[in-house]
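Novice: 91 is the number of the first residue of the sequence shown in my numbering; add one for each residue after it.
Quick reminder that beta carbons are idealized off the backbone N, C-alpha and C, glycines included.
Source: prediction; values computed, not measured.
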Amino acid sequence: MSKVDAIYIHIPFCNYICAYCDFCKIFYNKEYVNKYLEALNKEIKSNYKGEKITSLYIGGGTPSSLSIDELEKLFHIITIFNLSTDCEITFEANPDSLSLDKINLLKKYGVNRVSLGVETINDKLQDVLERRTSKEIVINCVNDLKQVGITNINVDLIYAITGETLEDLNKDLNFILSLDVPHISTYSLIIEDNTKLKVNNVKNIDKSLDRKMYDMISSILKDNSYIHYEISNFSKDGYWSKHNLKYWYNLEYYGFGCSASGYVNNIRYTNTRSITNYIKGKTIIDKEILTTKDKIFYEIMLGFRTNMGINKNNFKNKYNINIEDIFNYKLLVKDHILEETTIYLRVREEYFYVLDEVILKFLETLQTNVSFDIMD
Ligand SMILES: C[S@@+](CC[C@H](N)C(=O)[O-])C[C@H]1O[C@@H](n2cnc3c(N)ncnc32)[C@H](O)[C@@H]1O
Ligand code: SF4
């Protein structure tokens with residue numbers, strides 16, 4: 091049996107298609123949902139080996155676009171998993187498709203964390219994103235969740251939307267704060283290829299305004315007792331996403347469903363983005379067998395995203411070598427870009443915004459005399 095203890099499941103259906111979205115998704119279609127759930131069932135049955143699972147994430151797309159009957163089917167499929175009693179079960183939803191009936195169903199099947207795509211409640215910015223929700227819908231949804239007993243709630247915010255001002259962002263942030271949820275994810279708008287925004291030649295806001303927005307989010311959320319525990323994520327103490335931490339700590343996980351990726355027995359794999367191929371059972375399109383060098387590079391790239399950074403003792407236990415024997419990074423510590431304690435090596439928060447550059451600099455300190463071949 092593998093050491094996997096986390097699972098991601100992708101549900102690629104949405105009630106509307108947003109102008110910025112590059113995720114694998116199609117318009118909700120009853121016939122396709124049926125076929126998709128059958129294919130998902132097959133994929134899970136032929137790959138899951140009975141490992142104890144401590145984190146299950148049902149994402150999308152929009153899982154809440156499924157009807158009550160379809161959700162019942164989905165939860166029936168996942169009864170096969172051997173879930174730990176404290177398993178974190180997250181369900182991604184859009185407030186406008188998460189009725190009270192669906193919330194009750196989630197509760198019945200043990201969902202204990204809901205991630206809500208709110209993004210912005212500003213009409214002008216919703217027009218740019220081509221999605222629509224109202225304050226009332228979001229407030230009612232959050233109240234219903236809390237009433238039913240699902241209090242571990244995340245809200246997604248998109249900022250740096252074309253035409254957005256600092257004042258607009260301040261209003262969105264105040265609204266999200268008023269919801270009193272323990273977790274907030276914030277994403278600067280990416281204009282992805284193959285999206286309506288790109289085709290319409292919509293441009294990103296100015297880089298310096300983007301930076302101001304990032305700093306504003308961090309400062310306002312920290313003033314409201316949220317911990318900036320990962321470059322894009324903020325939580326109240328103890329409410330960090332167990333599931334995402336598995337990714338950032340470079341741990342193994344199953345990915346089931348169209349476009350899902352997984353990491354099992356040293357192999358990173360990606361499933362097809364084609365829903366028709368997936369339904370036909372042509373599931374995996376890409377596999378990467380990781381060498382020790384690959385694993386160490388992933389460890390750095392993912393670990394530096396969090397405020398804990400890299401645990402040097404865990405690193406030594408995992409790879410049988412000290413991190414300082416592979417990378418000659420002391421200058422980055424001297425320059426106050428990295429912070430080093432006896433246990434941790436982490437990127438200082440003021441450098442989170444330029445994390446990619448810091449990682450590149452770090453990887454360039456790779457010592458020339460390291461022989462990864464011996465370690466494989
Ligand atoms: C799978 S999506 C969304 C879940 C849900 N369907 C929704 O739209 O609310 C997960 C999150 O990624 C973020 N996201 C997706 N595309 C993005 C983009 N192009 N730029 C920035 N953030 C994006 C959004 O915050 C979104 O809520
Ligand atoms: S952003 Fe969410 S609702 Fe919009 S198309 Fe993408 S997955 Fe669907």
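Going by CA-CA distance only, name the one from Thr396, Lys336 and Asn410 that's closest to Lys93.
Specialist: Minimum Cα distance to Lys93 is reached at Lys336.
Novice: Please look up how many angstroms separate the CB atoms of Lys261 and Asn212, rounded, as I've assumed it's under 8 Å.
Specialist: Between Asn212 and Lys261 the Cβ distance is about 7 Å, and since that is below 8 Å, they are a contact.
Novice: Would you call the stretch 181 to 198 in contact with the stretch 152 to 159, where contact means no fewer than 3 C-beta pairs closer than 8 Å?
Specialist: Touching, per the Cβ criterion.
Novice: Could you give the residue range of the beta strand (DSSP E) that holds His100?
Specialist: First-last of the beta strand (DSSP E) with His100: Ala96 to Ile101.
Novice: Which full runs of the alpha helix (DSSP H) of 4+ residues lie inside the stretch 393 to 464, going along the chain?
Specialist: Segments of the alpha helix (DSSP H) lying fully in the stretch 393 to 464: 402 to 409, 420 to 424 and 445 to 454.
Novice: Please state whether DSSP places Arg363 in a helix, a strand or coil.
Specialist: Note: Arg363 maps to coil in three-state DSSP.
Novice: Measure the Cβ-Cβ separation of Pro102 and Gly347 and say whether it is below 9 Å.
Specialist: Yes, they are a contact pair.
Novice: Who are the near neighbours of His318 in its chain, counting only those whose CB is closer than 8 Å to its CB and skipping five residues on each side?
Specialist: Ser308, Leu311, Lys312, Phe324, Asn397, Glu439 and Phe442.
Novice: Any idea if Arg221 is buried or exposed, counting beta-carbon neighbours within 10 angstroms, 16 or more meaning buried?
Specialist: It counts as buried.
Novice: Have a look at Lys326 and His273 and give me their C-alpha separation to the nearest angstrom.
Specialist: Answer to the nearest angstrom: the Cα atoms are 6 Å apart.
Novice: Check whether the Cβ of Arg221 lies closer than 8 Å to any heavy atom of ligand 2, and answer yes or no.
Specialist: At least one heavy atom of ligand 2 is nearer than 8 Å to the Cβ of Arg221, so yes.
Novice: Starting from the C-beta of Lys372, find all residues in its chain whose C-beta is less than 7 Å away, skip the five residues before and the five after it, and write them out in chain order.
Specialist: Closer than 7 Å at Cβ, skipping near neighbours: Thr362.
Novice: Could you have a look at Glu254 and say whether DSSP puts it in helix, strand or coil?
Specialist: DSSP places Glu254 in coil when its eight states are reduced to three.
Novice: The alpha helix (DSSP H) spanning Tyr203 covers which residue range?
Specialist: Rather than Tyr, the amino acid found at residue 203 in this sequence is Arg. Here Arg203 belongs to no alpha helix (DSSP H); instead the beta strand (DSSP E) covers Arg203 to Glu209.
Novice: Please report the Cβ distance between Leu164 and Leu127, rounded to the nearest whole angstrom; I am assuming they are in contact, meaning their Cβ atoms lie under 8 Å.
Specialist: Yes, Leu164 and Leu127 are in contact; Cβ-Cβ is about 6 Å, under 8 Å.
Novice: I'd like to know if the stretch 276 to 284 and the stretch 244 to 253 are in contact, where contact means that at least 3 CB-CB pairs between them fall below 8 Å.
Specialist: Touching, per the Cβ criterion.
Novice: If contacts are defined as beta-carbon pairs under 8 Å, then Tyr147 and His333 qualify, I think. What distance do you get, rounded to the angstrom?
Specialist: So it is a contact: roughly 5 Å between Cβ atoms.
Novice: Quick check: what's the CA-CA separation for His166 versus Lys197?
Specialist: Each residue's alpha carbon lies about 14 Å from the other.
Novice: To the nearest angstrom, how far is it from the Cα of Tyr110 to the Cα of Ser331?
Specialist: Distance between the alpha carbons of Tyr110 and Ser331 is about 25 Å.
Novice: With Ser309 as the anchor, note down where its alpha helix (DSSP H) starts and where it stops.
Specialist: First-last of the alpha helix (DSSP H) with Ser309: Lys297 to Asp313.
Novice: How many whole angstroms separate the CB atoms of Tyr359 and Ser349, which I take to be in contact at a CB cut-off of 8 Å?
Specialist: That belief does not hold up - the Cβ atoms of Tyr359 and Ser349 are roughly 12 Å apart, past 8 Å.
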